[in-house]
Amino acid sequence: MLNRFERQSALVPRDSLVGLEATVIGVGAIGRQVALQLASLGVRSLQLIDFDRVETSNVTTQGYFAADAEQNRLKVEATRDAVLRIDPEIEVGILCDRFRPQHAVGTAVFCCVDSISARAAIWRSVSQRSEFWADGRMLGEVIRVLAAVDLASREHYAATLFPQQHAQVGTCTSRSTLYAASIAAGLLVHQFTRWLRGTPVCADSLLNLLSGEWTETAAEVAG
């Protein structure tokens, strides 16, 4: 029998995951997929924060199960159960609430909320308390992934938090597909594994699935 982690051992250092807690803020389209990928990756401690419940449309766009919607389950509870089906030994903490400044966070934070104003409020609270920060933004088939791990990338990220009224019309939930959310989550987790390995992390990248264009809009920064 192959060790569960054998085929990823050259890419994901297991020792770096020991004692590391990852926090996913928002377990909607992108955040749920991030949580499931982190569980498969071997994260030992995971914190999920979201105030919402599963709706019927979330089955199509966010990967929840029909039973989750029928029971109107809390997203954090449904995602926790899915994570534990992957690995029952993961420590999963859930918080059914909007993120608030007094909430503790892990070493690595994945911001998967759907508005600039919410991102900005979370960043103000978390920027000095996390070592790795990643933010996934998605509208239709356009995906933007940002990561902040040092002074340069943190300054760059702060500059992307423009006023909400200047944001593109719509939210991540207005036009979305599960395949786009899964790709966005994979790109976020990829930056996380680069950081774990100490290899360069891309501070800002943009992927347009419709046009097939990939753009790195900021220089790589050291992990």
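Each residue of the sequence shown is one higher than the one before, starting from -19 at the first, in the working numbering.
In this text, a Cβ means the ideal position worked out from N, Cα and C, and glycines have one as well.
Please read all numbers here as calculations on a predicted model, not as lab measurements.
Within 10 angstroms of its Cβ, does residue i collect 16 or more other Cβ (buried), or is it exposed?
| i | result |
| --- | --- |
| N(-17) | exposed |
| R124 | buried |
| A46 | exposed |
| G178 | exposed |
| R117 | buried |
| L(-3) | buried |
| N52 | exposed |
| L(-9) | exposed |
Can you tell which of the options has its C-alpha closest to the C-alpha of residue i?
| i | options | result |
| --- | --- | --- |
| F20 | Y159, S(-11), A114 and D115 | First, the residue type needs correcting, since residue 20 is Ser and not Phe in the sequence shown. Per the Cα distances, S(-11). |
| R174 | Y159, L141, W113 and A46 | W113 |
| L119 | R155, L141 and R99 | R155 |
| A165 | G11, R53 and R104 | G11 |
| A58 | G(-1), L16 and R78 | L16 |
| N188 | E121, A2 and G(-1) | E121 |
| P81 | Q27, V106 and T87 | V106 |
Give the DSSP-derived three-state secondary structure of residue i in the structure shown.
| i | result |
| --- | --- |
| G73 | strand |
| V169 | helix |
| T40 | helix |
| G150 | In this prediction, G150 scores a pLDDT of 47, lower than 50, which makes its location untrustworthy; no coordinate-derived value is stated. |
| S107 | coil |
| D130 | coil |
| R80 | coil |
| S156 | coil |
Look at the alpha carbon of residue i and the alpha carbon of residue j, and state the distance between them as a whole number of angstroms.
| i | j | result |
| --- | --- | --- |
| Q13 | V169 | 10 angstroms |
| L64 | T195 | 36 angstroms |
| A98 | V56 | 18 angstroms |
| E50 | Q42 | 15 angstroms |
Inspect the CB distances between the stretch 25 to 37 and the stretch 68 to 79 and report whether three or more fall short of 8 angstroms. yes
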